[in-house]
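Novice: Structure in structure tokens, see below.
Protein chains: 6
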Amino acid sequence: MKRENILVEALPYIRNLHGSKIVVKCGGHAIVNEESMENIIKDIVLLRYIGVETILVHGGGPEISRVMNELGIKPQIVDGLRVTDERTMEVVRMVLIGNVGTELVSKIGSYGGKGIGLSGKDGRLFTAKKKGKKKVVVEDVEKEIDLGYVGEIESVDPEMIDVVSSKGYIPVISPIAVDEEGRSLNVNADTVAGEIAISIGAKKLMMMTNVDGVMRDPEDKETIFSKMTPEYAEDLKKEGVIEGGMIPKVDSCVRAVEGGVEKTHIINGEKPHSLLLELFTDEGVGTMIHKG
Amino acid sequence: MKRENILVEALPYIRNLHGSKIVVKCGGHAIVNEESMENIIKDIVLLRYIGVETILVHGGGPEISRVMNELGIKPQIVDGLRVTDERTMEVVRMVLIGNVGTELVSKIGSYGGKGIGLSGKDGRLFTAKKKGKKKVVVEDVEKEIDLGYVGEIESVDPEMIDVVSSKGYIPVISPIAVDEEGRSLNVNADTVAGEIAISIGAKKLMMMTNVDGVMRDPEDKETIFSKMTPEYAEDLKKEGVIEGGMIPKVDSCVRAVEGGVEKTHIINGEKPHSLLLELFTDEGVGTMIHKG
Amino acid sequence: MKRENILVEALPYIRNLHGSKIVVKCGGHAIVNEESMENIIKDIVLLRYIGVETILVHGGGPEISRVMNELGIKPQIVDGLRVTDERTMEVVRMVLIGNVGTELVSKIGSYGGKGIGLSGKDGRLFTAKKKGKKKVVVEDVEKEIDLGYVGEIESVDPEMIDVVSSKGYIPVISPIAVDEEGRSLNVNADTVAGEIAISIGAKKLMMMTNVDGVMRDPEDKETIFSKMTPEYAEDLKKEGVIEGGMIPKVDSCVRAVEGGVEKTHIINGEKPHSLLLELFTDEGVGTMIHKG
Amino acid sequence: MKRENILVEALPYIRNLHGSKIVVKCGGHAIVNEESMENIIKDIVLLRYIGVETILVHGGGPEISRVMNELGIKPQIVDGLRVTDERTMEVVRMVLIGNVGTELVSKIGSYGGKGIGLSGKDGRLFTAKKKGKKKVVVEDVEKEIDLGYVGEIESVDPEMIDVVSSKGYIPVISPIAVDEEGRSLNVNADTVAGEIAISIGAKKLMMMTNVDGVMRDPEDKETIFSKMTPEYAEDLKKEGVIEGGMIPKVDSCVRAVEGGVEKTHIINGEKPHSLLLELFTDEGVGTMIHKG
Amino acid sequence: MKRENILVEALPYIRNLHGSKIVVKCGGHAIVNEESMENIIKDIVLLRYIGVETILVHGGGPEISRVMNELGIKPQIVDGLRVTDERTMEVVRMVLIGNVGTELVSKIGSYGGKGIGLSGKDGRLFTAKKKGKKKVVVEDVEKEIDLGYVGEIESVDPEMIDVVSSKGYIPVISPIAVDEEGRSLNVNADTVAGEIAISIGAKKLMMMTNVDGVMRDPEDKETIFSKMTPEYAEDLKKEGVIEGGMIPKVDSCVRAVEGGVEKTHIINGEKPHSLLLELFTDEGVGTMIHKG
Amino acid sequence: MKRENILVEALPYIRNLHGSKIVVKCGGHAIVNEESMENIIKDIVLLRYIGVETILVHGGGPEISRVMNELGIKPQIVDGLRVTDERTMEVVRMVLIGNVGTELVSKIGSYGGKGIGLSGKDGRLFTAKKKGKKKVVVEDVEKEIDLGYVGEIESVDPEMIDVVSSKGYIPVISPIAVDEEGRSLNVNADTVAGEIAISIGAKKLMMMTNVDGVMRDPEDKETIFSKMTPEYAEDLKKEGVIEGGMIPKVDSCVRAVEGGVEKTHIINGEKPHSLLLELFTDEGVGTMIHKG
């Protein structure tokens, strides 16, 4: 089809999105892939230009692990949570805010957008408290592990986002919270994305990951669920169909839907422009979780 | 090419146009062609959604002639100017404001835009004075003809456009001016478009007509001028290459360029989405008149 | 009394009206009378200058019939409703928006006000749906007539009025609505005036007609009702005292009062400055319908 | 003529004044006359309602003298200037701000306006410095008299007036200035009115006094000058035609005209509604001083 | 302690007060003491600079009595209320608005603040009605005394305060109300302070008086109550511990607390900077009345 | 002196600073000293509360070197400039933005301020280009060294600062610029502070360092220059009195003064609250460079 026709066909979708807010969560795997990242950034800048307030929340696991290795610190992941001692926390913060976030802001600038890097510390955007100890089973032995500087979100104050987003800036948010004492806490980026989506009244939450969505059989792409209700998602968790790293994503989506976000999506960030495909086609891509 | 790629490729063009103002002049021939009109309207609504303040100025010659015929009044055109007695003026006004303008506003609404019909009378947007008599040669005899209620623009006060355009409305402007005594005057739509483009500080003026642009040999599309300076346009007028209905279009473009409009274009409104083609491709279409 | 004393005596009335909104409905008969029209326009411009947001809604029956006759179309009125086929609709639209509305805007400009012509199509100010068929008795035989493009108002979105009125413009509204499909529908101007008065939170609705008000005996001006409640108006309708063209006026007033408009008035637009007389004297003129 | 016609006839004058600023100076004699004062206040409130920002500057000589007599202090006037020792200054301040200004604000409230009393001290609206000694001839002997707390205006900062006037309040200004040390200084009310008119960009300055204007022969009202230029006013001063208390009024008018005020007027505040008569008739009343 | 350390220690207090509103009532005794007044004014200007909207309400009993004596009028105080005939009312108004209020505004200006004098008359800030007759026992005989122009507050419209305070001005309020007929009424300054504190949503009400607070034994400063609830204050009134001039102060505090003011304080204005001591130390000074 | 007196004595200084903008540059040495940093942050938060828009620009040399050592990278400093290869650049960015900047924002939050971390990348706040090669003399041999990712500032766009500072946020700026290609460049923090001070129209630029100011004999504190002109500073550079790390500080001050900054100061950040001492005493501390 001709370029001009495609632009015109986008009109109903643009009209529908214009003036709304969308939170995009982008995992560390999508980010280390230069091409994926560029595609996602282009999509986000485009959305901003057609009048969508877009907020990017990023992860950065692989980058953190790389730098820790360079420093000779052994990363320790328990149940998908990074055990975070003081030195690890420093690395996490440096990598997420100083490297990953800054790089994304830089890319946004390269495509003509105006990015701004934020974390929970800026204007106390989001605060957390320590998770405390966690029971885990290691080699058949149950023991308690202190997760260290890992936090659970306590509150979100979206003022900072409003101030900059209303002026055309695209906030790029690193998942580092601040606690009562002003210390940094490592928080789950999926959770941050969900909570921010709720607090700003987002229309959509887009979880960009490296699989195509929720599938009954991860080996068989045909078994993807194109949509589900929060209730059905809970059932699938119980059945064990939703497991591992997909759990925090689905949980954040479910919580966001219950907190008023219209539609949430889990899509494959490694497929070029999957974000636009989801937003600008009727069929969409990935898995949508929304109220029935 | 895939839809999502085309959207992304539009990004640099969108970035460039975002926040600017564009005046589109659409002639009566394009409007009577239902399909052309729909295409132009879709393009305009799309432009508004990506942050371009778009103003539509329309003509309506064929519609006026049709209604005059129905009323048994014989249209009289001298040198491209409609001799306009009092009864003709009433028909012109009814058709342009009541039919053509209203229909365009309606179409804009159908595609999700917010249109508003305006003429020179609304908030005294543009005023004119009578042209007076004109010398013409009819059957080798020179005589003077009183053109009646035909006017030359005297002043433009863009406040009304600013008020509605800044709120997201798309002004649809009928070329009926008001004079000192509050009477209606028929003014050339090309001229109205040019003067409004200057007064609002438009970045571009787009003349949608039914030919592909300025051509050395109208029979041979290969002879189109893809760009020219105001000076060169004057030369082509003297040579007789630019003649007839093309003269007021070129004149308005030249005057607009001299009044600060960055680029002016004469393009074929009957080609689907030629407006987008011009704005979203490097090569463009039609003839561009701009400062060297 | 001396001029300066009269101005000073107007002070309490001005104080009372300052900052409020008033909708004035002006019928087609008042408009064809050049002198009445000029007087009404002067009054409206004066009101705007003393800080009253004034909105003018106009009819135009006689003008429509005149142009239809010129075009050789026979007007057909059933129970006060104009049967409106497609060709008639075109004429109605041309005359109301293109001639009558434009002329009123022009007059407002002549007296130093800033008018702007609007219809239901501008910014989708008011939408309607087709009335469908209507049972009528013609020569003792009951039959169903399709009224064609005659509509009933479905919704009013006053944003467009607010945008321009807050900037000092006087909206002049033609009673042409738009339907779901973007088609024009002919709607009753009295109803439009009432619905707009409700939607903008008007303090007053003024129905300018060509009789002095509601009278028990139309032949005897002494039998005028100077005020009545909505309930009493219903009784008079049942009694047959209120009949014919007075019915939609009274109905609109009753509905406006129930919709929160403080006071509604039916007054004689042919009496010079009856609008000011009503607003600037204690005794008032015409018939006032308001909550007890 | 009928009330409604008079209101309509006022329209061109209202249009002309709408949105402009007018400073009215009202002398002590007009104020002690209850009826004059009420008439002037009514006129001012009316002007505010039709969109004129009106500022009232008042004097209060007779009131000051009355209270001084009650306190057993003998007023001493030299060349039209009140010799003001510390105790006198206290009385002047109490009477002007506490009695006269407050009473005028109260009256404005009674007629539905929103008044606010101000002096040079509020927000340091106007500052002055001591005039110092003055040479006078008493019984053929020239001597120097220290005028005490009598000041000459040094600067005007109209911010305070703008803040309240833009919100619909009518400032009532007492001619008490503040000096560098924060002390009160008695300043001439005519001068205050003129300086404020200049600083706020007033369109008109109205000096309400107890004579009809500048007359060649004060006994013969026929000899009034209906208009004059600043230059001619200077000539009349040299001739001695303008003398006594008329001098500071004329001087303030001349200075105001030179400072950009369009028209200045000296009119009789004791004639009912002379303010409106001047503003709402072509012929006007009193003497107008303006640029030729 | 070093200057810079003290400033830094003030930080938590500043943070806590920043953006809030505080009403300070300052009695006539504090005002006649030049040093006390200067100290209070300095404190108020400082508060304004650190972002606290401060409103000063003043009394002026001693000044009123002084001027009445000078005029040969014998002040008559019954149960702490000044019997106010017409002549007395004039003096009260002159002294409070013209002398005391103006002097305070002047002092504010001297320390770099922007003061503005207001009374109940300005913008009808507060209205009152006459108290009527009051039963008193004089020499064992009960009789009724007409208090004259003494009023009870009926309504407060804080618009005027908001307009000026939001622009950085410090309102200085004289306790003169206006009644329905536009007459001046003498009202209790403590009551005015309390009612204004409620109407503007003040965080604190500070009553500056000439004793250290509420004491069980006025002779023994050790018996001061550092805090109490409204209920306890009522008990102390019944016990007779709170009596005389302390009653209206305590009553205003109690009413303010019940009207939503967070904390109210009775402190000694004659102690240098007691206002700052109360606001910038944890221990505070004087008596605080607040909800338990 | 008593606390309350000291607060009151600060009033004239507060008045003078209120509403102005101050840029504070804080070097890496001050930051690694926990106590110094806390003191500076407290001072900055205090300034913000008294209405001073404060912007903090930080360095971080020691921190960068520490992390580089941990990573086994050998820092290489040539003529005070860090040779910055790609890997070093990554560390610089991580440390400055991710650690130092974030920590400062966190501290601001602890003292009740609202901080926000920014670098040149956020909203393209400041851009730079590569410095290229530099001639150095190493062991008597002149050679050229490529400084790598070290940049010179090309442009500053203060919009981002204005957006957040006008809302009460305190920007904390890391000296990482972005170049044309979107790459990170290491720029001198003193220069960044100076250029930002110029671009936002700062009243003062405060260079917090670890010496007391510019001294003729660094060993003898008595030889400090309390003030100097830009011209004199140039002379002292030529004489060699100003040398080493003091040169970029003095250069930035000189350039800031020439760019319109009123006063610039070089002070010892390790002395507790030297910032307040400079701002709140007449004598000041350190060396002031300003126009004569």
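Chains as they are written, first to last, in our numbering: chain D, 21 to 312; chain R, 21 to 312; chain W, 21 to 312; chain Z, 21 to 312; chain V, 21 to 312; chain Y, 21 to 312. The beta carbon of each residue, even a glycine, is placed where N, CA and C say it ideally should be.
1) Under 6 Å Cβ to Cβ from Gly47(D), same chain only, skipping five residues before and after it: list those, please.
2) Note down the Cα distance separating Ser272(D) from Asp255(D), rounded to an integer number of angstroms.
3) Would the beta-carbon of Ala197(D) fall within 7 Å of that of Gly171(D)?
4) How should Ser185(Y) be labelled, buried or exposed, when 16 other C-beta atoms within 10 angstroms of its C-beta is the threshold for buried?
5) Within the present structure, is the beta-carbon of Arg107(D) separated from the nearest heavy atom of the ligand ZN by less than 6 Å?
6) Apart from the five residues on each side of it in sequence, which residues of its chain come closer than 6 Å, Cβ to Cβ, to Met248(D)?
7) Per DSSP, what are the beta-bridge partners of Pro191(Y) in this structure?
8) Please compile the residues from chain W whose C-beta is within a distance smaller than 9 Å of the C-beta of Gly137(R).
9) Using a Cβ-Cβ distance under 7 Å, would Lys283(R) count as near chain W?
10) I need the boundaries of the alpha helix (DSSP H) containing His49(Z), first residue and last residue.
11) Can you tell which of Asp99(D), Glu179(D), Glu164(D) has the C-alpha that lies nearest to the C-alpha of Gly135(Y)?
12) Tell me the DSSP bridge mates of Phe146(V)?
13) Let me make sure I understand the geometry here. Which of Val65(V), Val305(V), Gly132(V) has the alpha-carbon closest to that of Ser200(Z)?
14) Could one say the Cβ of Lys62(Y) lies closer than 7 Å to chain V's Cβ atoms, at least one of them?
15) In chain order, what residues of the region 60–89 of chain W put their CB closer than 8 Å to some CB of chain R?
16) So the candidates are Glu242(R), Gly279(R), Met235(R), Arg275(R); which of them puts its Cα closest to the Cα of Glu259(R)?
17) How long is the line joining the alpha carbons of Val156(W) and Val103(W), rounded to whole angstroms?
18) Would you call the region 238–252 of chain Y and the region 53–71 of chain Y in contact, with 3 or more CB pairs under 8 Å?
19) Please give the ranges of any alpha helix (DSSP H) in the region 24–91 of chain Y, keeping only runs that are unbroken, at least 4 residues long and fully inside the region.
20) Distance, Cα to Cα, Lys45(V) vs His285(V)?
21) Along the chain, where does the alpha helix (DSSP H) containing Leu297(V) start, and where does it finish?
22) Say whether chain V places a C-beta atom closer than 7 Å to the C-beta of Leu91(Z).
23) Taking C-beta pairs closer than 9 Å, name the residues in chain W that Leu145(Z) reaches, listed in chain order.
24) Using a 10 Å radius around the Cβ and a threshold of 16 neighbouring Cβ atoms, would you call Leu73(D) buried or exposed?
25) With distances taken Cα to Cα, identify the nearest neighbour of Ile287(V) among Val277(V), Glu278(V), Glu298(V).
26) Does the Cβ of Arg275(Y) have 16 or more other Cβ atoms within 10 Å, making it buried, or fewer, making it exposed?
27) Give me the Cα-Cα distance between Leu295(W) and Met57(W), rounded to the nearest whole angstrom.
28) Can you tell me whether Lys224(R) is helix, strand or coil according to DSSP?
29) Does the distance from the C-beta atom of Val192(Z) to that of Val277(Z) stay below 7 Å?
30) Taking only beta-carbon atoms, is Arg107(Z) less than 7 Å away from chain V?
31) Go ahead and pull the three-state DSSP assignment for Thr211(W).
32) Is there a Cβ from chain V that is less than 7 Å from the Cβ of Thr104(Z)?
33) Who pairs with Arg203(W) in a beta bridge, going by DSSP?
34) Residue range of the beta strand (DSSP E) that Glu162(R) falls in?
35) Residues in its own chain within less than 7 Å of Lys283(W) by CB, not counting five upstream and five downstream?
Specialist: Based on what the coordinates show:
1) Gly79, Thr229, listed in sequence order.
2) 16 Å
3) Yes; because the gap between Cβ atoms is below 7 Å, this pair is in contact.
4) buried
5) The model on display carries no ligand, and the ligand ZN is accordingly not part of it.
6) Ile309
7) Ile136(Y)
8) Ile117, Gly137, Leu138, Ser139, Lys141, Asp142
9) Cβ-Cβ to chain W under 7 Å: no for Lys283(R).
10) 48–52
11) Glu179(D)
12) Val176(V)
13) Note on identity: in this sequence residue 200(Z) is Glu, with Ser being the wrong assignment. Of the candidates Val65(V), Val305(V), Gly132(V), the one whose C-alpha sits nearest the C-alpha of Glu200(Z) is Gly132(V).
14) yes
15) Val87
16) Checked all of Glu242(R), Gly279(R), Met235(R), Arg275(R); the closest Cα to Glu259(R) is Met235(R).
17) 12 Å
18) no
19) 31–37, 48–52, 54–69, 81–90
20) 10 Å
21) 294–300
22) yes
23) Near Leu145(Z) there are no residues of chain W at all, since even the closest Cβ is about 27 Å away, more than 9 Å.
24) Per the sequence shown, residue 73(D) should be read as Glu rather than Leu. Per the 10 Å Cβ criterion, buried.
25) Glu298(V)
26) Per the 10 Å Cβ criterion, buried.
27) 12 Å
28) In this structure, Lys224(R) counts as strand in the three-state DSSP scheme.
29) no
30) no
31) The three-state reading of DSSP puts Thr211(W) in helix, counting H, G and I together.
32) no
33) Answer is none; Arg203(W) lacks a bridge partner.
34) 161–166
35) Lys224, Met308, His310
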